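Heads up: the sequence shown runs through residues 9 to 214, numbered per our numbering.
Let me begin by presenting the structure, written as structure tokens, before commenting on it.
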Amino acid sequence: MLMVGSNMTNFPVLSLHVGGEVARTKRAIIDPDNLEIIAYTLDGPIIHNDPEVGDILDLMDVREISDKGFIVDSADVFTSREDVVKLDEIMSLEFDLVGLKVVDQKGKKMGKIIDYTIDSGSFMVYQLIVQRPVMNSFLDPQLTINRSQIVEIDDFKVVIKNSTSQIKVKKTKTAEKEEEFVPNFVNPFRKPGYAEDDSSSSKTSE
9 MLMVGSNMTN FPVLSLHVGG EVARTKRAII DPDNLEIIAY TLDGPIIHND
59 PEVGDILDLM DVREISDKGF IVDSADVFTS REDVVKLDEI MSLEFDLVGL
109 KVVDQKGKKM GKIIDYTIDS GSFMVYQLIV QRPVMNSFLD PQLTINRSQI
159 VEIDDFKVVI KNSTSQIKVK KTKTAEKEEE FVPNFVNPFR KPGYAEDDSS
209 SSKTSE
């Protein structure tokens, strides 16, 4: 299933231990080498608002992703950048996908990234949602660019292949891949009678 990146900001983090919300996501931490979201910084009443204290949710610690939020065992799984070398290295880059310019290999400006979609199974960025320049926005205000079109990424721009065969005008509703969900533990956040084929998806490793 595909999820819109901006919808995952201010997303609840639910604890099985306390049976309720313990935090909300604040910012996605994206590895620019492969565009994988590896963690989120957090906010909330029990959060110190200091990533070095332990206010980061490593997605490896997420038990399940549902329409109600990320589900973890407890707030004890929250980590700090100092505890994970890779996490610290990536956060030091201060990389942010939203706002980067998009150009093709000939240098033609395609627009600016305003959002992206995520594959819920791998948490890889699947598509870039690009706002077109003013002169081009009348016919195609937004484009979706598949990750397979990306050639290069740096601090300022994303370079894509010259071919536009896989670049499409953004539709009003993001297409979703169907994904079957089979729960493997008792989830107190499900309503009574919650069906096992609900559209919520379980995060799995690639």
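Backbone N, C-alpha and C fix where the C-beta goes; we use that ideal spot for every residue, glycine too.
Just so we're clear, the structure is a prediction, and the values are computed from it rather than from any experiment.
1) Identify whether E29 lies in helix, strand or coil by the three-state DSSP scheme.
2) Which partner residues of K114 appear in the DSSP bridge assignment?
3) How many angstroms separate the CA atom of A83 from the CA atom of E72?
4) Check whether the region 106 to 113 and the region 162 to 172 are in contact - that is, three or more C-beta pairs closer than 8 Å.
5) Give the DSSP bridge partners of F164, in chain order.
6) What did DSSP end up calling S74 once you bin it into helix, strand or coil?
7) Is the region 90 to 97 in contact with the region 113 to 125, if contact means three or more CB pairs nearer than 8 Å?
8) Rounded to the nearest angstrom, what separates V21 and I79 at their Cα positions?
9) How is M16 classed by DSSP in three states: helix, strand or coil?
10) Counting along the chain, where does the beta strand (DSSP E) carrying I153 start and finish?
11) Quick one: grab the DSSP three-state call for R35.
12) Using a Cβ-Cβ cut-off of 7 Å (strictly less than) and excluding sequence neighbours within five positions of L101, which residues of its own chain qualify?
13) Using only CA atoms, which one of G129, L151 and S130 lies nearest to Q139?
14) Nearest-angstrom Cα distance between R32 and T87?
15) As a quick exercise: from I64, R155, V142 and V26, pick the residue whose alpha carbon is nearest that of Y134.
16) Determine the burial state of Q113: buried for a count of at least 16 other Cβ atoms within 10 Å of its Cβ, exposed for fewer.
17) Please report the distance separating the alpha-carbon of T17 from that of G77.
18) Could you check which residue in I54, G52, P53 and I37 has the C-alpha nearest to that of I46?
Checking against the coordinates, here is how it stands:
1) Counting from one through the sequence shown, the residue named residue 29 turns up at place 21. Three-state DSSP puts E29 in a strand.
2) In the sequence shown, the residue the question calls residue 114 occupies position 106. Looking at the DSSP assignment, K114 forms no beta bridge with any residue, so it has no partner.
3) For the purposes of this step, residue 83 is taken as the residue at position 75 of the sequence shown. For the purposes of this step, residue 72 is taken as the residue at position 64 of the sequence shown. Using only the alpha carbons, I get a separation of about 15 Å.
4) yes
5) As a position in the sequence shown, residue 164 is number 156, starting the count at 1. DSSP lists no partner for F164.
6) By 1-based counting over the sequence shown, the position of residue 74 is 66. Here S74 sits in strand by DSSP.
7) no
8) Looking up residue 21 in the sequence shown gives position 13. Looking up residue 79 in the sequence shown gives position 71. Approximately 6 Å between the Cα atoms of the pair.
9) Translated into positions along the sequence shown, residue 16 becomes position 8. M16: helix per DSSP, three-state reduction.
10) As a first step, residue 153 must be located in the sequence shown, where it is residue number 145. Run containing I153: Q150 to N154, per the beta strand (DSSP E) assignment.
11) For the purposes of this step, residue 35 is taken as residue 27 along the sequence shown, with counting starting at 1. Strand at R35.
12) Within the sequence shown, numbered from 1, the residue matching residue 101 stands at position 93. Only P40 meet the Cβ criterion.
13) As a first step, residue 139 is located in the sequence shown; it is residue number 131 there, counting from the start. If we check each option's Cα against that of Q139, L151 comes out closest.
14) Residue 32 sits at position 24 when you count from the first residue of the sequence shown. Residue 87 sits at position 79 when you count from the first residue of the sequence shown. Looking at the two C-alpha atoms, the distance is approximately 14 Å.
15) Stepping through the sequence shown from its first residue, residue 134 is reached at position 126. If we check each option's Cα against that of Y134, R155 comes out closest.
16) The residue labelled residue 113 in the question sits at position 105 within the sequence shown. By the neighbour-count rule (16 or more Cβ atoms within 10 Å), Q113 is not buried but exposed.
17) Position 9 of the sequence shown holds residue 17. Position 69 of the sequence shown holds residue 77. C-alpha separation (whole angstroms): 11 Å.
18) As a first step, residue 46 must be located in the sequence shown, where it is residue number 38. The option with the nearest alpha carbon to I46 is I37.
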